[in-house]
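Contents: one structure, followed by commentary.
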Amino acid sequence: MRVLVVEDEIGLADAIGAILKKEKYIVEIANDGQTGLEYALKDDYDCIVLDIMLPKMNGLDVLTYLRVKEIETPVLLLTAKSEVDDKIKGLDCGADDYLTKPFSTGELLARIRAMTRRRGIVTDINPKYGDITLDLKKGELLCGGSTIVLGRKEFQMMELLLSQSGKVVTKEDFVKKIWGYGDESEYNNVEVYISFLRKKLALLHSKVQIKTKRSIGYCLDGGSK
């Protein structure tokens, strides 16, 4: 899936790009509205992540022009403003969804998945490891003929663990990708939700376990049959 990121904060744009590339998306980045519009008019994208406050041409003008040209690519607006009026303007201009900065990377990915699903774009393959499968649409964990519903954070953490295919996911990665940046208090939450996931794997009688790598993080184990 191809995603265009239009964001003038270079550090944030690069961070979003790195997150999406890790999820196997093809990403292009523009750092001003005029360049972003040129990219969007020239190439086909499955999703556009568009900041509102941009140099040369603001995001709402970019979005309005795209819709006038009948380009119906799903657009996720990013804004530092939280006022209701700004959100209404964005939706009225043709945005599919919006995120207010700062936001968690988990929410960013979830919003993109939701937008592309609504447009009928197939972007997800249910990830598997050993005897478990994560149903991305239903938010359920499957093992044999049994299923169990995961809470939102549980789902995001299991999705991240599965994406690493048995490799270690650090606590820092969990905090950064699911809770957002820079909150030290969230490290304890990682341990709590890992405990929840272990209990649900046990309820499913799965052979897969979540192993602790002391002072590093967690990984799945038991994938071989």
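Okay, so the sequence shown: first residue is 1 according to our numbering, each after it adds one.
Where is the CB? At the ideal position from N, CA and C, for every residue including glycine.
DSSP, reduced to helix, strand and coil, places residue 216 outside both helices and strands of the structure shown, so it counts as coil. Residue state for residue 30 is assigned as strand, using DSSP reduced to three classes. If you check the CB distance, residue 76 and residue 52 do not come in under 7 Å. Taking all protein chains shown into account, residue 200 has 16 or more neighbouring C-beta atoms within 10 Å of its C-beta and is therefore buried. With the rule of 3 Cβ pairs closer than 8 Å, the segment 125-142 does not count as touching the segment 93-112. If you look at residue 98, you'll find it in the beta strand (DSSP E) that goes 97-100. Counting C-beta pairs closer than 8 Å gives three or more between the segment 146-159 and the segment 190-209, which meets the contact rule. The secondary-structure analysis by DSSP pairs residue 52 with nothing; it has no beta-bridge partner. Rounded to the nearest whole angstrom, the C-alpha separation of residue 28 and residue 170 is 27 Å. Between the alpha carbons of residue 109 and residue 178 lies a distance of about 10 Å. Distance from the CA atom of residue 91 to the CA atom of residue 21, rounded to whole angstroms, is 27 Å. Distance check between residue 98 and each of 71, 130 and 47 places 47 closest, using alpha-carbon atoms only.
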